[in-house]
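Remarks on the structure that follows.
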Amino acid sequence: MPDAEKTGQRVLELDGVRTYYGNIEALKGVSFHIDRQEIIAILGSNGAGKTTCLSSIVGLTPPRSGRVVYEGADIRGRSTDSLVRDGLVMVPEGRRIFPALTVMENLRMGAYLRRDRQGIRDDLDYILSIFPILAARADQDGGTLSGGEQQMLAISRGLMGRPRMLLLDEPSLGLAPIVIRNIFDTIRKINLEQKTTILLVEQNANLALQVAHRAYIMTTGLITLTGTAEELMNDESVKKAYLGG
Ligand SMILES: Nc1ncnc2c1ncn2[C@@H]1O[C@H](COP(=O)(O)OP(=O)(O)O)[C@@H](O)[C@H]1O
Ligand SMILES: [Mg+2]
Numbered sequence: 064m065p066d067a068e069k070t071g072q073r074v075l076e077l078d079g080v081r082t083y084y085g086n087i088e089a090l091k092g093v094s095f096h097i098d099r100q101e102i103i104a105i106l107g108s109n110g111a112g113k114t115t116c117l118s119s120i121v122g123l124t125p126p127r128s129g130r131v132v133y134e135g136a137d138i139r140g141r142s143t144d145s146l147v148r149d150g151l152v153m154v155p156e157g158r159r160i161f162p163a164l165t166v167m168e169n170l171r172m173g174a175y176l177r178r179d180r181q182g183i184r185d186d187l188d189y190i191l192s193i194f195p196i197l198a199a200r201a202d203q204d205g206g207t208l209s210g211g212e213q214q215m216l217a218i219s220r221g222l223m224g225r226p227r228m229l230l231l232d233e234p235s236l237g238l239a240p241i242v243i244r245n246i247f248d249t250i251r252k253i254n255l256e257q258k259t260t261i262l263l264v265e266q267n268a269n270l271a272l273q274v275a276h277r278a279y280i281m282t283t284g285l286i287t288l289t290g291t292a293e294e295l296m297n298d299e300s301v302k303k304a305y306l307g308g
C-alpha cells in the first residue's frame, strides 16, 4: 500500500475505462478523479453511462480495459465485500432496500461486515439524528415507507458500512422537490461532518451543481466537459443542454 504522501489527496481515479454490455461499448475510455472530501457530480442524460461508471468502479460490470485506482491501489477484480471493508460503498439507483425487513433491520444489514459494536451504535445514533424520520419508523417494514424515506434508508444503510467514499446513483430520482432538498442538504452535512468523499451521479444537473464542488458531464460513454460547479453552472452549453435554458 502506498503511503499517504505518495497517494496525496487522491481517493479515486479512473483512467481510460472501457466497459461493454456484449458488443455495446457503454464507456468509451472514461477518465476522472476525486480528491479527499470532495463532492463530485457526474451529470448526463438518460443512457449516458453514469450508472455504468459506478458499476465499473465496484466491479459489477468489470471494465474491459483501463484502470480503477482507489486509495492508491488498482481495485479491478476486487469483491464488493472487500471494497466495503476498505470503505468504498455504493448506494444503487432505485433505492434497493429490503422491503420485508424493518427500518432498523435494514440499517443493521449495512453494518454486516463490521464487528465494532460501539462504532455501529454510534453510527446508528448519528444516522437517526440526521434522518429523524427513520427513528420514528424504526419498527416499520421498509416497503411501507414513502419513496423519500426509502431513499433516506438506502443512503443510511450505506453509511452503516462507515464509508470513506460513498457512491450515490441518482438519489433524487422520482422524489418531490422538498424531499430532494432535505436529502441533498444531508449529503452535504455527511460530507462535512463525516469527511466522506462523495461521488454523486445525477440527471438533475441543477440540483447536483448546488451541492457538488466539481462535476463531469457525460455524453454517450465519454466525459465531454469538466469544471467547478460554478464554472459549469455558468457555461452556456451546459445551461442550454442540462439546466433548462
Ligand atoms: N444491462 C445492460 N445490458 C445492455 N445494455 C445496457 C445495460 N445497462 C445499460 N446498458 C446501456 O449502456 C448505456 C449506458 O447505460 P447507463 O450506464 O445505465 O446510463 P445512465 O445511468 O447514464 O442512464 C445505455 O446505452 C444503456 O442502454
Ligand atoms: Mg443510471
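According to the working numbering, the residues represented by the sequence shown are 64 to 308, in order. All C-beta atoms in this analysis are idealised placements derived from N, C-alpha and C, irrespective of residue type, glycine included.
Between the C-alpha atoms of Ser145 and Ala111 there is a straight-line separation of about 28 Å. In terms of side-chain proximity, the C-beta atom of Asn109 is found nearer than 7 Å to a non-hydrogen atom of ligand 1.
Secondary structure in the stretch 78-147: the alpha helix (DSSP H) runs of 4 residues or longer, each lying completely within the stretch, are 113-120 in chain order.
Leu151 has its alpha-carbon roughly 6 Å from the corresponding atom of Pro226. Gly205 and Leu164 do touch by the CB rule: their CB atoms are close to 6 Å apart, below 8 Å.
Look at which beta carbons fall closer than 7 Å to any heavy atom of ligand 2; those residues are Lys113, Thr114, Glu156, Asp232, Glu233 and Val264.
The beta carbon of Ile87 sits closer than 7 Å to at least one heavy atom of ligand 1. With distances taken between CA atoms, Val80 lies nearest to Ser94 out of Gly122, Arg73, Ser94 and Glu88. Annotation for Tyr175 indicates a beta carbon at 7 Å or more from all heavy atoms of ligand 1. For Tyr279, the shortest separation between its Cβ and any heavy atom of ligand 1 does not lie below 7 Å.
Not one heavy atom of ligand 1 falls within 7 Å of the beta-carbon of Tyr189. Ile190 and Arg220 have their C-alpha atoms spaced approximately 9 Å apart.
Leu77 counts as buried, since at least 16 other C-beta atoms from the protein chains shown sit within 10 angstroms of its C-beta. Residues Val154 of the same chain have their beta carbon placed closer than 6 Å to that of Ile218, with the five preceding and five following residues left out of the count.
Listed as beta-bridge partners of Gly284 by DSSP are no residues whatsoever. Bounds of any alpha helix (DSSP H) do not take in Asp298, whose DSSP letter is neither H nor E. For Arg180, the number of other beta carbons within 10 angstroms of its own is below 16, and it is reported as exposed.
Between Ile160 and Leu230, the CB-CB gap reaches or exceeds 8 Å.
Under the three-state reduction of DSSP, Arg73 is assigned to strand. In this structure Val264 is not in contact with Ile138, their Cβ atoms being roughly 18 Å apart against a cut-off of 8 Å. Secondary structure of Asp202 (DSSP, three-state): coil. Here Thr259 is buried. Its C-beta has 16 or more other C-beta atoms within 10 Å. Counting only runs that start and end inside the stretch 206-288, the beta strand (DSSP E) elements of at least 3 residues fall at 228-232, 260-265 and 277-282. Inter-segment contact for the stretch 249-257 and the stretch 282-302 is absent: fewer than three beta-carbon pairs are separated by less than 8 Å.
Assignment of Gly182 by DSSP, reduced to helix, strand and coil, places it in the helix class.
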